[in-house]
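Residue numbers (UniProt numbering): 1 to 744.
The next block holds one structure in the form of structure tokens; read it before the comments.
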Amino acid sequence: MRVEELALPVEAKRVLLEHGYSELFPPQREAVRAGLLEGRSIVVASPTGSGKSLIALLAALRVLGEPGEGCRVVYAAPLRSLVYERAGEWRSILEKLGRRVAVSTGDYDRVEPWLGEADAVMVTYEKLDSLLRHGAGLLAEVCVFIVDEIHYVGDARRGPVLETVIARLMAMNDGMQVVALSATISNAGEIAAWLGARLVESSWRPVRLREGVFNNYVVEWSDGEETRVEKRTRNPTLDAALDAVAGGGQALIFVNSRRKAVELAEKLAAAAASNGEVRRLLDPGGAAEPYVEELRGRHEHRELNEKLARLLGMGVGFHHAGLASYQRDVVEKAFRARVLRVLVATPTLAAGVNLPARRVVVDTLYRFRSGRGSEPIKVSEYKQLAGRAGRPGLDPVGEAVIIARTWEQAWEALVGYVKGEPEPIVSKLVSEAALRSQVLAVVSSLGVATVSEVASVFERTLYAVQVGPPFEEVDRITWVLDEYGFVSRVGDVVEATETGRRVAELYIDPLTGYRMLRGLEALRAERPPIERLLFLSLWSPDATRIRPPRGLHLALEMEAEQLLEDLGFKPYEEVGEADIAVAAEALYTADMLLDWVMEKPEDAILAKYGIDPGDLRAVVETTNWLVYSMAQLARITGHPAATYLDKLTVMVKHGVQEELVELVKLPGIGRVRARRLYEAGYRNPGDLAGLSPEQLASLLRGLGEERARQALVEAQRTATKRETASQAGAQRKRQRSILDYLGG
DNA sequence: TTCTGCGCAATTTAGACAGCATGTC
DNA sequence: CTAAATTGCGCAGAA
């Protein structure tokens, strides 16, 4: 079946051909035969790389393929990176057809103001949930809903969001086409039945996959063949990788800890240094230079950049979530350019962007899970890793190799994983945390409703299909929310309170909101101590925390107990031991954030707390959101610290003291430059008025004149707006909501 | 007094979603 | 209240 033959508008087909799509892959053909282009709902369960993204695009083109009214297409995926990657393709194609594609994720900077008029809206699951909570009108006009990686419904943390969103969207849009894309799963039929969809199952891959188990320097492949592996480094994992490199391919090693990722990369580099053959196998020659320079040229993250640069220069890399995003980018690009022959990575790489290699080496099938010790990963997780093997066009066959350390392990790997079947997807909707959040969202959007009306929203979830409608659980949760003060329940009738509605919109866990409000009661002042405010944000189920070293545990816990008591929470009575341990972590993380807002240099913070750039970024990002939420809660409850919390939001985001809050809002001005300006006597945007772009640029190292000009324009704008605002006097502006720019 | 080697105890252990366009006398 | 792997520590004995 060829693209030309498809029942799509001529123009759409022309653009597809232009982009190199001509012949359909088998799963794509089957999807079309199953009615993809007639608007049938479809579940496609097939391996990574089998062409599911074109299936999604075809579904969009069915309704957006020619100019005219059309209707809305929503695409949802679990990771921002996936949304952006897909959006790039969609834009290049749909925009040629006069359609508007909007991307909306939690990255505020990238929200298009015209989201409300977009033809295609591309979002993360949570963002879609958030749009629903804000009552975005566009969601009632969806005719095609594409859910990528739908197997995430089985994920304990994110699955409940996904299945509720799907249920609500299906209920809102009768006859909506649902196109769900999934990895291979064992109960795809059940998922299809849930969605009222036809099932397309396929094991077809663009490159054949061979799986095997390494034991005692012999790889036993699933087809019974055996290959000997040469001992080059005496480390089985590295030798299994080098074996593929010797054959002209690249290898991707998956490990279960960051330390191991770095360690293996270093070991391989050491082997290259002492062994000529290994060195020749890996040597990137001058090709590594641009990547190495990019890292050495930065003046922050010195230690990590030097380590990474040294390794990249030898053709080896590591990759994990502790890296800053530019560092990850460099590593990914270098691997794609085949400058790196071996890359050692944690599972980030398997879930995120597409980065295949001829051979995938799975160092271990075990992973640590807090509270449960080391336990075997799921078969589906292994399949996800193995699925990265084989670069289309470059490798004749992809190979996945599991490293076994004993005969027993080898047997388990072969029988349980290589020949194993992925687990079925099971709904995780009914958990306290998931339900309280989702039930509040539903109550909040329904207005006044009976408990059974609320519960009926969950009738179209996967949980309802697998277990039955969760009526009793929903009923119970409404009482919990009533206790928190976010819902008022009288008899069987429920209604969200004002704070309840705001908590739902802010997208924080109701427990987070409840704790914040209670804690704020004990901090009734205009300027409560920063560390207490930070602690309150960090002691929440939504927060990202860093782990204190063991030695500090006892002291931190004692301090945490005291702090909890001061904030009005009774340790051991209402706050359990586990939450006190969380509080100790929160305290430690608050210490770090305090250094951050005191403008301690980033590298000094990383060293002091033993963390990597990516960790600091994660803490800053989530805490910024939580402090913002706390500020909002303070505002609507008339708390005196509201204004100060607004400032703290900016201080956390940029890592600055209070006096730099205004300066740091200017584009191109971060914590370092703002401090420089301040010390030079420019204490707020208005002070910059007399400066020319050249003057500003020369004042701030590394800032180009164009960026300087933009900063000055913004400074000018801020200064005048302030004047008009004060002239406007008592006239109070309506509280803005997200709807103002959603057009909902 | 300092260094080395051994065995046991202590320590550590992946990832990444969400809000928002301001506020003074 | 889990478990594998690595690091840290204390101690004995040698230099």
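Where a beta carbon is used, it is the ideal one built from N, C-alpha and C, also for glycine.
message: Please report the distance separating the alpha-carbon of ALA496 from that of LEU440.
response: Taken atom to atom, the span from the alpha-carbon of ALA496 to that of LEU440 is near 7 Å.
Best match in ALA555, LEU552, ILE580 and LEU554 for proximity to THR565 [C-alpha to C-alpha]: With the sequence shown as reference, residue 565 is identified as Glu, and Thr is not the correct amino acid for it. Minimum Cα distance to GLU565 is reached at ILE580.
- request: Output yes or no for whether 8 Å exceeds the beta carbon distance between PRO469 and ASN187.
  value: Going by C-beta atoms, PRO469 is not nearer than 8 Å to ASN187.
task: Using beta-carbon positions only, say whether PHE254 and VAL178 come within less than 8 Å of one another.
output: Taking 8 Å as the Cβ cut-off, PHE254 and VAL178 do not qualify as a contacting pair.
query: To which residues of the same chain is ALA269 closer than 6 Å at the C-beta, ignoring the five residues directly before and after it?
result: For ALA269, same chain residues with a beta-carbon under 6 Å away, outside a window of 5 residues either side, are LEU311, MET314 and VAL316 in chain order.
task: Please list, in chain order, all residues of the same chain as VAL652 whose beta carbon is under 7 Å from its beta carbon, the five residues on each side excluded.
output: LEU593, VAL597, VAL620, THR623, ASN624 and VAL627, listed in sequence order.
Three-state secondary structure (DSSP) of ILE185: Here ILE185 sits in coil by DSSP.
query: CB ALA590 to CB LEU534, shorter than 8 Å?
result: Result yes, Cβ atoms of ALA590 and LEU534 sit closer than 8 Å.
query: So, using beta-carbon positions, are SER50 and ARG205 closer together than 8 Å?
result: Closer than 8 Å, so yes.
- prompt: Mind checking GLY20: buried by the 16 CB within 10 Å criterion, or exposed?
  reply: The residue in question, GLY20, is exposed, as its Cβ has fewer than 16 Cβ neighbours within 10 Å.
query: CB ALA12 to CB GLY70, shorter than 8 Å?
result: Their beta carbons are not under 8 Å apart, which means ALA12 does not touch GLY70 by this criterion.
query: Taking the alpha carbon of VAL121 as the point to measure from, which residue in GLY88, PRO376, ALA680 and VAL262 has its own alpha carbon closest?
result: Ranking the options by Cα distance to VAL121, first place goes to GLY88.
Cβ-Cβ distance between ALA434 and VAL443 below 8 Å: Not closer than 8 Å, so no.
task: For the segment 480-541, list the alpha helix (DSSP H) runs that are entirely contained and at least 4 residues long, ordered along the chain.
output: Counting whole runs of 4 or more residues, the segment 480-541 contains the alpha helix (DSSP H) stretches 498-506, 510-521 and 530-538.
message: For the segment 486-505 against the segment 522-534, do three or more pairs of beta-carbon atoms, one drawn from each stretch, fall closer than 8 Å, so that the two count as touching?
response: By the Cβ rule, the segment 486-505 does not count as touching the segment 522-534, because fewer than three pairs are nearer than 8 Å.
query: Less than 8 Å separating the beta-carbons of ARG232 and GLU277?
result: By the CB criterion at 8 Å, ARG232 and GLU277 fall inside the cutoff.
query: Thinking C-alpha only, which one of VAL480, ARG208, LEU308 and SER130 is nearest GLY393?
result: Out of VAL480, ARG208, LEU308 and SER130, ARG208 has the C-alpha closest to the C-alpha of GLY393.
query: What is the rounded straight-line gap between the Cα of VAL331 and the Cα of TYR291?
result: Taking the straight line joining both Cα atoms gives about 8 Å.
query: Just how far apart, CA to CA, sit TYR572 and MET558?
result: Roughly 12 Å between the two C-alpha positions.
message: Going by C-alpha to C-alpha distance, which of VAL339, SER698 and GLY690 sits closest to LEU712?
response: The shortest Cα separation from LEU712 among VAL339, SER698 and GLY690 belongs to GLY690.
task: Over the uninterrupted beta strand (DSSP E) stretch that includes HIS319, give me the two end residues.
output: Start and end: 316-319.
field: Bridge partner(s) assigned by DSSP for LEU252
entry: Per DSSP, LEU343 and VAL360.
- prompt: So, ARG707 versus GLY668, is the Cβ gap smaller than 8 Å?
  reply: In this structure, the beta-carbon distance from ARG707 to GLY668 falls below 8 Å.
query: Which word fits MET516, buried or exposed, when buried means at least 16 other C-beta atoms lie within 10 angstroms of its C-beta?
result: Burial of MET516 is indicated by the presence of at least 16 other C-beta atoms within 10 angstroms of its C-beta.
message: Let me make sure I understand the geometry here. Which of GLU585, PHE569 and GLU531 has the alpha-carbon closest to that of GLY551?
response: Nearest Cα to GLY551 within the set GLU585, PHE569 and GLU531: GLU585.
- prompt: Hey, which unbroken runs of the beta strand (DSSP E) at 3 residues or more fall wholly within the segment 345-429?
  reply: For the segment 345-429, whole beta strand (DSSP E) runs of length 3 or above, ordered along the chain, are 359-362, 366-369, 373-376 and 397-403.
field: For MET1, three-class secondary structure by DSSP
entry: Of the three classes helix, strand and coil, the one that applies to MET1 here is coil, per DSSP.
message: To test your reading of the DSSP string, which unbroken alpha helix (DSSP H) runs of 4 or more residues are found completely within the segment 184-222?
response: If we require 4 residues or more, the alpha helix (DSSP H) runs fully inside the segment 184-222 come out as 188-195.
- prompt: Considering VAL142, what are the terminal residues of the beta strand (DSSP E) in which it resides?
  reply: Per DSSP, VAL142 belongs to the beta strand (DSSP E) from 142-147.
task: Per DSSP, which residues does TYR21 bridge with? Please list them.
output: According to the DSSP secondary-structure assignment, TYR21 is paired through a beta bridge with no residue.
- request: Inspect the beta-carbon positions of VAL353 and ALA251 and report whether they are closer than 8 Å.
  value: Against a cut-off of 8 Å, the Cβ pair of ALA251 and VAL353 comes out as no contact.
field: Residue range of the unbroken beta strand (DSSP E) whose run includes ILE42
entry: Per DSSP, ILE42 belongs to the beta strand (DSSP E) from 42-45.
field: Straight-line gap, ASP740 to GLU112 (C-alpha atoms, nearest Å)
entry: A caution first: ASP740 carries a pLDDT of 48, below 50, which makes its placement in the model unreliable, though a value can still be read off. Whole-angstrom Cα-Cα distance: 12 Å.
query: Quick one: Cα of VAL457 to Cα of ALA578, how far?
result: Taking the straight line joining both Cα atoms gives about 33 Å.
query: So, is ASN275 buried or exposed, given that buried needs 16 or more other C-beta atoms within 10 angstroms?
result: With fewer than 16 other Cβ atoms within 10 Å, it is exposed.
message: Let's see if you can read the secondary structure: which residues bound the alpha helix (DSSP H) around GLU89?
response: Residues 80-94.
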